[in-house]
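Residue numbers (our numbering): 20 to 214. C-beta: ideal position from N, C-alpha, C; glycine also. What follows is one structure encoded as structure tokens, with my remarks underneath.
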């Protein structure tokens, strides 16, 4: 390479001793090859690809999924998550997968516990609010594909025959109604037999 300076002097850098020394021509690897390899594996789903299977929910102690839940029911939620290793699906192990029990905003947000074999599960109580809820898992982690799971389920209130026969919080109302009946009975006797 021939360079001309300000004064018009030309200098040949290829011919200089400093440029041709072996120490200057050997560089360490910058890591670009490894970066591009890992990015291409992720883009083509050879690495970091997650899938969820066997998503289930049920009342505690039962084996089948109900068509709807009742307020204050105890329920279990479980999902199996696997990661593609390049040759087979391996159990994905993480401690930051969460499920939401959602109706316009999350009423319950629980972290799922795992058994180190890909099964994530938790149990919680259905909130004391009825309506149409969703089980939501929205999992995003750097270097992995995102998981978005949603399943809709209605929650109903107690039926009229499912409440307790006498509610302790209603004792003042019971007392008020019985005292009103007794007062009306006494008033009727006094009014009918008083001259």
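Please return the same chain residues whose Cβ sits closer than 7 Å to the Cβ of residue i, not counting the five positions on each side in sequence.
| i | result |
| --- | --- |
| residue 199 | none |
| residue 97 | 75, 138, 139, 140 |
Just to confirm before moving on: does the CB-CB distance between residue i and residue j stay below 8 Å?
| i | j | result |
| --- | --- | --- |
| residue 6 | residue 111 | No answer is possible for residue 6: it lies beyond the span of the chain, which begins at 20 and ends at 214. |
| residue 71 | residue 90 | no |
| residue 162 | residue 80 | no |
| residue 126 | residue 148 | yes |
Less than 8 Å between C-beta atoms, sequence neighbours within five positions excluded: which residues of the same chain meet that for residue i?
| i | result |
| --- | --- |
| residue 77 | 83, 84, 85, 94, 95 |
| residue 51 | none |
| residue 185 | 193 |
Could you check if residue i is buried or exposed, using at least 16 other CB atoms within 10 Å of its CB as the buried criterion?
| i | result |
| --- | --- |
| residue 69 | buried |
| residue 131 | buried |
| residue 212 | exposed |
Which same chain residues, not among the five before or five after residue i, have their C-beta less than 6 Å away from its C-beta?
| i | result |
| --- | --- |
| residue 169 | 153, 155 |
| residue 143 | 127, 129 |
| residue 55 | none |
Using 8 Å for Cβ pairs, my map puts residue i next to residue j. What's the rounded Cβ distance?
| i | j | result |
| --- | --- | --- |
| residue 122 | residue 145 | Not really, about 11 Å apart at Cβ, beyond 8 Å. |
| residue 141 | residue 129 | 5 Å |
Nearest to residue i by alpha carbon, out of the options?
| i | options | result |
| --- | --- | --- |
| residue 105 | 114, 167, 59 | 59 |
| residue 165 | 205, 53, 49, 64 | 64 |
| residue 173 | 120, 204, 48 | 120 |
| residue 134 | 143, 116, 49 | 116 |
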